[in-house]
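Numbered according to my numbering, the sequence shown spans residues 8 to 304.
By construction, the Cβ of each residue, glycine as well, lies at the ideal position given by its N, Cα and C atoms.
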Amino acid sequence: ARASDDFSPANEASHTVHIANVVYNSIFMGEIVLPDWDMFQSQHVAGALHAATRAIGGCPVYVSDHPGKHDFEILHQLVFPSGRVLRCRQAGRPTRDCLFRDVTRDGRTALKVWNRNFVNSVIGVFNIQGASWSRATNQFASLPKPISATLAELCPRDVEGIADRSTQGASFVVRSHRNRRIEILRLKECTSIMLMHKDWEIYTIAELLEQGDIKFAAIGLIAMYNGGGSILRIDMNGRSANVTAYGLGELACYASRAPTSVHVDGRAVSPDFDPRTGALSIDLGATEGTHELQFNW
């Protein structure tokens with residue numbers, strides 16, 4: 008069911024308000040229907056902003072591009088060659104700390120949207136200040152005052168129910184999609200980001216598994232907005248970890264030390280490992296599908 012007014016490509020003031028509407032309406036609608044966040048255009052000036060919200064909205068993804076006018080850099084981060092998307096498990100909703108804030112008009116609050124995947128969680132952060140629906144003119148209107156940057160803080164506990172789904176006392180690997188920064192945070196520890204007008208970032212939240220001196224997390228596909236949605240299963244036993252992932256291309260993981268061997272679908276591969284950050288990347292190959300990975304230390 009539609010959760011918003013129509014996508015209006017020619018109305019510049021409508022795009023940030025559209026995003027606010029679908030997110031807050033999904034609080035209620037997400038309990039009884041699959042909210043539809045409507046179409047967008049990939050080559051539009053707000054195309055990346057719209058795409059990032061659709062990626063974590065748990066909604067259908069569809070575009071209204073004119074023939075031959077496509078931004079494939081955006082579309083390839085949303086959709087696999089088969090047309091499949093990494094859809095979250097439920098409707099995207101605002102985090103508690105911005106639930107009763109005016110994320111479009113107060114000049115200081117960023118919108119934060121949380122969602123869950125099969126294994127990992129995701130938080131999107133968006134600066135959508137600067138416009139609203141005018142009851143005086145019955146149309147979208149930009150605010151007269153200059154739009155400033157917003158400082159947003161996020162932590163793993165922003166994802167509702169994450170403590171119940173995780174090991175007691177667990178830490179979490181938090182990876183940003185755009186700047187590819189990796190941080191290790193406890194449940195209530197926060198990271199922060201400064202966002203300019205219509206700027207955004209997506210964070211994958213992955214539980215850090217520990218076995219002895221080995222710490223490991225499977226984060227997700229590097230090239231996808233909701234890369235964490237590619238992780239379907241993970242278990243760690245002794246000095247081995249097994250991961251089931253869907254997709255193709257580079258898969259991001261975290262490891263406290265370099266593995267002695269990594270196999271993808273039974274084939275030995277050579278991962279890239281950065282000992283300074285713990286960033287571990289594995290090439291799943293160019294064939295889209297479900298892949299079985301084994302890590303040994």
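R264 to V86 span [Cα, whole Å]
Here residue 264 refers to the residue found at position 257 when the sequence shown is read from its first residue. Here residue 86 refers to the residue found at position 79 when the sequence shown is read from its first residue. Cα atoms of R264 and V86: separation of roughly 32 angstroms, rounded to the nearest angstrom.
Range covered by the beta strand (DSSP E) that runs through V68
What you label residue 68 is simply residue 61 of the sequence shown in a count that begins at 1. No beta strand (DSSP E) contains V68, which DSSP labels as neither H nor E.
Measure the C-alpha to C-alpha separation of F14 and I200 and round it to an integer number of angstroms.
On the sequence shown, residue 14 is found 7 positions in, with the first residue counted as 1. On the sequence shown, residue 200 is found 193 positions in, with the first residue counted as 1. Approximately 28 angstroms between the Cα atoms of the pair.
Is it a yes or a no for the segment 181-197 touching the segment 103-123, going by three-plus beta-carbon pairs under 8 angstroms?
Touching, no.
Give the straight-line distance between the Cα atoms of M231 and A156, rounded to the nearest whole angstrom.
Here residue 231 refers to the residue found at position 224 of the sequence shown. Here residue 156 refers to the residue found at position 149 of the sequence shown. Whole-angstrom Cα-Cα distance: 26 angstroms.
Have a look at N145 and G99 and give me their C-alpha separation to the nearest angstrom.
By 1-based counting over the sequence shown, the position of residue 145 is 138. By 1-based counting over the sequence shown, the position of residue 99 is 92. Separation of N145 and G99 (C-alpha to C-alpha, rounded to the nearest whole angstrom) is 27 angstroms.
V68 vs R61 beta-carbon contact at 8 angstroms:
Locating residue 68 in the sequence shown gives position 61, where the first residue counts as 1. Locating residue 61 in the sequence shown gives position 54, where the first residue counts as 1. Going by C-beta atoms, V68 is nearer than 8 angstroms to R61.
Buried versus exposed, by CB contacts within 10 Å (16 or more), E208
If you number the sequence shown from 1, residue 208 lands on position 201. Note on E208: 16 or more other CB atoms within 10 angstroms of its CB, so buried under the neighbour-count rule.
Who are the Cβ neighbours of C197 in its own chain at under 8 angstroms, not counting the five residues just before and after it?
Walking along the sequence shown from the start, residue 197 turns up at place 190. These residues qualify, in order along the chain: E160, L161, C162.
Which full runs of the beta strand (DSSP E) of 3+ residues lie inside the segment 149-183, going along the chain?
Unbroken beta strand (DSSP E) stretches of 3 residues or longer found wholly inside the segment 149-183: 157-161, 178-183, given in chain order.
What residue range does the alpha helix (DSSP H) around H57 cover?
As a position in the sequence shown, residue 57 is number 50, starting the count at 1. Run containing H57: 54-63, per the alpha helix (DSSP H) assignment.
Taking 8 angstroms as the threshold, find out whether the segment 90-97 comes into contact with the segment 134-153 through three or more Cβ pairs.
The count of Cβ pairs closer than 8 angstroms, one atom from the segment 90-97 and one from the segment 134-153, stays below three, leaving the stretches out of contact.
If you draw a straight line from the alpha carbon of L56 to that of D206, how long is it in whole angstroms?
Position 49 of the sequence shown, counted from the first residue, corresponds to residue 56. Position 199 of the sequence shown, counted from the first residue, corresponds to residue 206. So the alpha carbons of these two residues sit roughly 7 angstroms apart.
Taking the straight line between their C-alpha atoms, what separation do you get for G273 and D43?
In the sequence shown, the residue the question calls residue 273 occupies position 266. In the sequence shown, the residue the question calls residue 43 occupies position 36. The straight-line gap from Cα to Cα measures roughly 40 angstroms.
Given that a residue counts as buried once 16 or more other Cβ atoms are within 10 Å of its Cβ, and exposed if not, what is D109?
Here residue 109 corresponds to residue number 102 of the sequence shown, with the count starting at 1. For D109, the number of other beta carbons within 10 angstroms of its own is below 16, and it is reported as exposed.
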